Amino acid sequence: MKKLTVLIIVFTIGFFSSLSGQNKFEIKRKEMVNKQIQARGIADKNTLKALEVVPRHLFVPEEYLDQAYDDGPLPIGYGQTISQPYIVAYMTELLNVGPDDVVLEIGTGSGYQAAILSRIVKKVYTVEIVEELGLAAKERLKALNYDNVEVKIGDGYYGWEEHAPYSGIIVTSASEYIPPPLIKQLKDKGRMIIPVGSPFSVQNLMLVEKSGDKIRTKSLIPVRFVPLTRQSAP
Ligand code: SAH
-7 MKKLTVLIIV
3 FTIGFFSSLS
13 GQNKFEIKRK
23 EMVNKQIQAR
33 GIADKNTLKA
43 LEVVPRHLFV
53 PEEYLDQAYD
63 DGPLPIGYGQ
73 TISQPYIVAY
83 MTELLNVGPD
93 DVVLEIGTGS
103 GYQAAILSRI
113 VKKVYTVEIV
123 EELGLAAKER
133 LKALNYDNVE
143 VKIGDGYYGW
153 EEHAPYSGII
163 VTSASEYIPP
173 PLIKQLKDKG
183 RMIIPVGSPF
193 SVQNLMLVEK
203 SGDKIRTKSL
213 IPVRFVPLTR
223 QSAP
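Counting from 1, position 125 in the sequence shown corresponds to residue 117 in the numbering used here; the numbering is continuous, with no gaps.
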């Protein structure tokens, strides 16, 4: 009887502490959306909802668990980073995509941006050049049931031609110029968001809009992204 009582107490404590652990992250996430995202002017409902539901803490290395909802980027290994929540929200809103759209992301990293987009669009294709990161993201997205995301290991400079054209393309690493294959794989009236500039300094986040054969670019805000690396020739 005594044993049973102890067991019940241990179980109850365990149950409630795991519940409060979940709640803790939910509260932090709501706070992140209010103070970092909405307060800075992001108003798109789908974007806000996606940031509120995707568990960012499951996309960062365990040692950064407590910083997962902080107002900045975090290391994810291999010299790469998961972007600041506000930047993820800003780029997502600007892409202006909806439930019928198919989008391409270059630079899967942790898979967080892909998970956010997957809550908004029909299908997300994402390309990662670092095999270890790509495989880990693929596993993570599968474990969390993000079934409408497909990850490919490869050089995203060339996009993912098989599933083109895309309504939106989001590039999460910086390039000196807009890769022509990505322009080609963008749908007519489609939008691309890409940081353009030197990989060793501040870059410009650019909005690229395609209209027939024409391309219109608009410089948005200064950003600092890791470089778009290229696969060296064999
Ligand atoms: N979107 C990611 C953050 C990405 S950081 C997230 O939500 O976590 C940028 C990523 O781009 C890194 O993982 C880096 O390895 C990848 N990358 C750099 N050059 C690339 C290329 N040519 N093709 C595909 N991915 C590339």
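Note that CB positions come from ideal geometry on N, CA and C, so glycine has one too. Being a predicted model, the structure only gives us computed values, none of them experimental.
- Between Leu125 and Tyr70, the C-beta spacing is below 8 angstroms.
- In this structure, the straight-line span from the alpha carbon of Pro214 to that of Leu86 is close to 15 angstroms.
- In the structure shown, Ala135 adopts helical secondary structure according to DSSP, grouped into three states.
- Rounded to the nearest angstrom, the gap between the Cα atoms of Asn140 and Val218 is 26 angstroms.
- For Tyr82, the uninterrupted alpha helix (DSSP H) segment begins and ends at Pro77 to Leu87.
- Counting along the chain, the unbroken beta strand (DSSP E) around Asn196 starts and ends at Gln195 to Ser203.
- For Leu43, the closest C-alpha among the options Tyr61, Glu54, Ser165 and Ser203 is that of Tyr61.
- For the pair Lys181 and Ile175, the Cα-to-Cα distance works out to about 11 angstroms.
- DSSP places Asp58 in the helix class (H, G or I) of the three-state scheme.
- For the pair of segments examined, the stretch 100 to 113 was found not to touch the stretch 182 to 191: the number of CB pairs separated by less than 8 angstroms stays below three.
- In the assembly as shown, Pro171 is a buried residue. Its beta-carbon has 16 or more other beta-carbons within 10 Å.
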